[in-house]
Amino acid sequence: MTTATLHSYDVEAAARDYPRVTEALNYLGDRWQEHPDLAEAARAAGLSPHHFQRVFTRWVGVSPKRYVGALAHGAAREAIDDGASVLDAAFEAGLSGPGRLHDLFIAHEAITPGDAKRRGEGLEFTWGIAPTPFGEGVFLIAPRGLSALAFTDGRSEAGFEDLRARYPAASYVRDDHEARAWATRIFERAGERIPLALYGTPWQRQVWRALLSIPPGATTTYKAIAEQVCTAKASRAVGAAVGANPVSFLIPCHRVLASDGRLTGYHWGVERKRAMLTWEAVG
Numbered sequence: 006m007t008t009a010t011l012h013s014y015d016v017e018a019a020a021r022d023y024p025r026v027t028e029a030l031n032y033l034g035d036r037w038q039e040h041p042d043l044a045e046a047a048r049a050a051g052l053s054p055h056h057f058q059r060v061f062t063r064w065v066g067v068s069p070k071r072y073v074g075a076l077a078h079g080a081a082r083e084a085i086d087d088g089a090s091v092l093d094a095a096f097e098a099g100l101s102g103p104g105r106l107h108d109l110f111i112a113h114e115a116i117t118p119g120d121a122k123r124r125g126e127g128l129e130f131t132w133g134i135a136p137t138p139f140g141e142g143v144f145l146i147a148p149r150g151l152s153a154l155a156f157t158d159g160r161s162e163a164g165f166e167d168l169r170a171r172y173p174a175a176s177y178v179r180d181d182h183e184a185r186a187w188a189t190r191i192f193e194r195a196g197e198r199i200p201l202a203l204y205g206t207p208w209q210r211q212v213w214r215a216l217l218s219i220p221p222g223a224t225t226t227y228k229a230i231a232e233q234v235c236t237a238k239a240s241r242a243v244g245a246a247v248g249a250n251p252v253s254f255l256i257p258c259h260r261v262l263a264s265d266g267r268l269t270g271y272h273w274g275v276e277r278k279r280a281m282l283t284w285e286a287v288g
C-alpha cells in the first residue's frame, strides 16, 4: 500500500517559518491557475528553490506542486459537479486541455474527470460480503482498486446501501467470491500492496495519507494528526475527515484516540476498534 511519510516539526521551527510560508500560500493562492513552478514560488517566499521546497513541505505537509495540484483539482471537481464539460473544467483549473486534467484526477482521486462528472455513471462496481477478523465485511471494488470497506453486524444490505450512496449513478454487480479474494489479500497476506481508488476532497485525502503513516500497533490523537498536516487548531476538521474515511482498517482511523487516550468516535463501534488495536498489537 502506498503510504506518506509525515514531517516531524517542532513549534519553534514552525513559528520561524510561518511568515515565509504565509507569503508562499498567498502567492500560490492568487496564482495557482498559472501553475507557477518551484522557482517562482520560492522567489515569492524569499528562499532558494531547494530550501523553499523543504520548508513548505515540512510546514504544509505536501509539496508546493502537490498543493497547487490540489487547488486545481478542487476547482475542476467543483466545475464538473456544477455541470461543466471536461474541457471547460480543464480551463477552469488552468490546464491546457483534457489530457492534463485526466492526469490531475488520476493523481488526486484515482478516477478520471469523466468518471467524476458522471458520478460513476458508466462504471461497474463489484460489491460483496466476506468474513473478516472483525465480523462481516462489505467490500466495494472499483476498476482501479478498493473504494470502500465497511463492517456490519448482520445488516450487510444496509451496509451496501450506505456505500452505494457515495456513487449513485454507477452500476453494481454482486460477487461475494471477489470480496473473499480481497479479504484474503487484506487480512491474510501481510505486507501486500493494496490498490485504493479513493473519492474525497484534497483535505480528506491529506488526512487519510496521515493515517496511513501510523504503524500497526501504534496509536495517535486527532490533535497530533492535525499538528502534522497543518495546525493543532484543525483538530475538529481532522476528526471530520477521519470520520469520512471510506476504507476502514486499511486506512487505519481506528488508531486515532481521544486526547486522554479513550477509545471514542469509531463509526463501526468502539468494541470493534478495541479488537482491531488488540489484533494488531499481538499480530
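If you want the numbering used here, it's the position in the sequence shown, counting the first as 1, plus 5.
Think of the CB as a built atom: it goes at the ideal place given N, C-alpha and C, for glycine as much as any other residue.
As the structure is a computational prediction, the values presented were derived from the model and not from experiment.
In this structure, TRP187 lies near ILE146, with their beta-carbon atoms less than 8 Å apart. Residue pairing by DSSP places VAL143 opposite ILE134, ALA155 in a beta bridge.
Following the DSSP letters along the chain, one finds VAL247 inside the alpha helix (DSSP H) bounded by residues 240–248. Taking a cut-off of 8 Å on C-beta distances, the stretch 210–218 touches the stretch 239–257, as three or more cross pairs fall below it. Residue burial is scored here from C-beta neighbours: ALA75 has at least 16 other C-beta atoms within 10 angstroms and is therefore classed as buried.
Taking C-alpha positions only, ALA249 is separated from GLU162 by approximately 20 Å. Contact between the stretch 148–156 and the stretch 261–268 is absent: fewer than three C-beta pairs spanning the two stretches fall below 8 Å. THR283 carries a helical assignment under DSSP once its states are collapsed to helix, strand and coil. Within the DSSP bridge table, the entry for VAL178 names THR131 as partners. For VAL261, the beta-bridge partners assigned by DSSP are THR225.
By the CB criterion at 8 Å, TYR177 and PHE254 fall outside the cutoff. Cβ atoms of VAL73 and LEU33 come within 8 Å of each other, at about 6 Å.
Judged by beta-carbon spacing, ILE219 lies within the 8 Å limit of ARG260, meaning their Cβ atoms are closer than that value.
Between LEU43 and ARG25, the C-beta spacing is not below 8 Å.
A direct Cα-to-Cα measurement between GLN58 and THR27 gives close to 14 Å. Boundaries of the alpha helix (DSSP H) around LEU43: 43–50.
In this structure, PRO69 is the residue among TRP64, PRO69, HIS272 with its C-alpha nearest to the C-alpha of ARG48. Here the alpha carbon of GLY222 sits roughly 25 Å from the alpha carbon of ARG63.
When DSSP states are grouped into helix, strand and coil, GLY266 belongs to the coil group. Secondary structure at LEU216: helix, using DSSP grouped into helix, strand and coil. Inter-residue distance for GLU193 and GLU285 is about 13 Å (C-alpha atoms, whole angstroms). Beta-bridge pairing by DSSP links LEU201 to LEU151. About 5 Å separates the beta carbon of GLY164 from that of ALA155, a gap short enough to meet the 8 Å contact definition. When only Cα atoms are considered, VAL275 and THR225 end up about 16 Å apart.
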